[in-house]
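My numbering applies: residue 103 is where the sequence shown begins, and numbers increase by one. For glycine and all other residues, C-beta sits at the position ideal for the given N, C-alpha and C. Below is one structure; the comments refer to it alone.
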Amino acid sequence: MECTKPIPYIEFANVSVHYNEEVTALKNVSLSIGKGEFVFLLGSTGAGKSTLLKLLTRDVCESSGKVIFDGQELGSISDYHVPALRRKMGIVPQDFALLARKKVWENVAYAMRAVGYTRKEARNLVPEILDHVKMGLRVDAFPHQLSGGEQQRVAIARALIHRPKLLLADEPTGNLDQTHSMEIMYLLLQLNAEGATILVATHDMMVVEQMREVSRIVTLEGGKVVSDERLAPKLLDTQLAFAEIDEEQVVNEPARPIDTPEELNA
Numbered sequence: 103m104e105c106t107k108p109i110p111y112i113e114f115a116n117v118s119v120h121y122n123e124e125v126t127a128l129k130n131v132s133l134s135i136g137k138g139e140f141v142f143l144l145g146s147t148g149a150g151k152s153t154l155l156k157l158l159t160r161d162v163c164e165s166s167g168k169v170i171f172d173g174q175e176l177g178s179i180s181d182y183h184v185p186a187l188r189r190k191m192g193i194v195p196q197d198f199a200l201l202a203r204k205k206v207w208e209n210v211a212y213a214m215r216a217v218g219y220t221r222k223e224a225r226n227l228v229p230e231i232l233d234h235v236k237m238g239l240r241v242d243a244f245p246h247q248l249s250g251g252e253q254q255r256v257a258i259a260r261a262l263i264h265r266p267k268l269l270l271a272d273e274p275t276g277n278l279d280q281t282h283s284m285e286i287m288y289l290l291l292q293l294n295a296e297g298a299t300i301l302v303a304t305h306d307m308m309v310v311e312q313m314r315e316v317s318r319i320v321t322l323e324g325g326k327v328v329s330d331e332r333l334a335p336k337l338l339d340t341q342l343a344f345a346e347i348d349e350e351q352v353v354n355e356p357a358r359p360i361d362t363p364e365e366l367n368a
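Have a look at this one:
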């Protein structure tokens, strides 16, 4: 009986990206990623790792080759359909990108209202999403009152509003110390255990080493994949690991209901 290879969830097939005649970000990159993988794209600044993520969000288009996501060749997508594509994924920026004058719950609600959720839907879903990232007691805090790790968790909460099956994180620990960096990694690992495919672009070798046994590590140099390391899967109790962080740093209680729906119009 002939075995069929599984269809990749994400595939880069001989992809090159030239920003101009002098700058080439990727050179004939071929890479396949399956559903449910946790993948680090490791490399120094300029290696091409962020460009790979931007190809998936269509912030960048390939100069040659093909980019395929969930069975669809992204080069065939019109600009009109790019927002619908992005709603299939969660995008976590490095700089948190929180609105300084809005509270935690308002930051998440504002993102939901911007993509079409009703006030009622946002009011019902915001507490659930904030509970998921262990920010239940910080709903009324402003960004400047949060630690770096807490701000990043709110950024992840905003990325979860569509319950995406793909989460893209570009240098999510770039502004964090080691303790908060691992807190974010355990959260991403928990989301991965719940079924999400995770791609993390990073140059933080310390974080990668801590996660080596539960992830795949793709290393880029000069726009090329130079290594692709998959260790044998190792069972890890992500809930226990995350609970330990909760006990030390986060009071894990349910978020209060949003009882001021008129603010969701802001």
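Give me whichever residues DSSP pairs with residue i in a beta bridge.
| i | result |
| --- | --- |
| residue 126 | 120 |
| residue 329 | 321 |
| residue 166 | 118 |
| residue 235 | Residue 235 pairs with nothing; no bridge assigned. |
| residue 304 | 144 |
| residue 271 | 194, 302 |
| residue 296 | Answer is none; residue 296 lacks a bridge partner. |
Report buried or exposed for residue i, applying the criterion of at least 16 other Cβ atoms within 10 angstroms of its Cβ.
| i | result |
| --- | --- |
| residue 256 | buried |
| residue 356 | Low confidence applies here, because residue 356 scores a pLDDT of 42, under 50, leaving its location unreliable; read the following figure in that light. Answer is exposed; the Cβ neighbour count stays below 16. |
| residue 182 | exposed |
| residue 217 | exposed |
Is the CB-CB distance between residue i and residue j below 9 angstroms?
| i | j | result |
| --- | --- | --- |
| residue 167 | residue 114 | yes |
| residue 314 | residue 330 | no |
| residue 413 | residue 207 | Limits of the chain in this structure are 103 at one end and 368 at the other, which puts residue 413 out of reach. |
| residue 251 | residue 273 | no |
| residue 320 | residue 140 | no |
| residue 154 | residue 144 | no |
| residue 171 | residue 112 | yes |
| residue 150 | residue 325 | yes |
| residue 258 | residue 289 | yes |
Please return the same chain residues whose Cβ sits closer than 6 angstroms to the Cβ of residue i, not counting the five positions on each side in sequence.
| i | result |
| --- | --- |
| residue 305 | 146 |
| residue 363 | Its pLDDT being 43, under 50, residue 363 is placed unreliably by the model, and the measurement read from it follows with that caveat. Answer for residue 363: 221, 225, listed in chain order. |
So, for residue i: in the same chain, excluding its five sequence neighbours on each side, which residues have a beta-carbon less than 7 angstroms away from its beta-carbon?
| i | result |
| --- | --- |
| residue 382 | Because the chain in this structure spans residues 103 to 368, residue 382 falls outside the shown range and cannot be described. |
| residue 133 | 114, 320, 327 |
Near residue i, which residues of its chain fall below 8 angstroms by C-beta distance, leaving aside the five closest residues on each side in sequence?
| i | result |
| --- | --- |
| residue 202 | 244, 245, 246 |
Checklist entry - Would you call the stretch 125–140 and the stretch 176–189 in contact, with 3 or more CB pairs under 8 angstroms? => result no
Checklist entry - If we count Cβ pairs, one from each stretch, closer than 8 angstroms, do we get three or more for the stretch 297–305 versus the stretch 262–272? => result yes
Item to check | At least 3 beta-carbon pairs within less than 8 angstroms: the stretch 170–185 vs the stretch 232–242 | outcome: no
Checklist entry - Three or more C-beta pairs closer than 8 angstroms, one from the stretch 146–165 and one from the stretch 236–245: is that the case here? => result no
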